[in-house]
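**Q** If you count by my numbering, then the sequence shown holds residues 11 to 46, one letter each, in order.
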Amino acid sequence: SSAIDEIARQLHAWIDRADAWVEEAARGTEPVDAIT
């Protein structure tokens with residue numbers, strides 16, 4: 011159970027970073043190739 015909770019926290023943090031990258035790419039401040 012605690013292992014699943016830890017994975018969930020890490021996944022949530024990764025999603026937050028991905029959302030930020032998408033927003034930057036949408037503004038054109040960061041090339042998409044640099045994100046992937």
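Ideal Cβ placement from N, Cα and C applies to all residues, glycine included.
These numbers come from a predicted model, not from an experiment.
Where does S12 fall in DSSP's three states?
**A** In the structure shown, S12 sits in a helix (DSSP, three-state: H, G or I).
**Q** Just how far apart, CA to CA, sit S11 and H22?
**A** In a straight line, the C-alpha of S11 is about 16 Å away from that of H22.
**Q** Roughly how many whole angstroms lie between the Cα atoms of R37 and D26?
**A** Whole-angstrom Cα-Cα distance: 17 Å.
**Q** Just how far apart, CA to CA, sit I14 and A28?
**A** Distance between the alpha carbons of I14 and A28 is about 21 Å.
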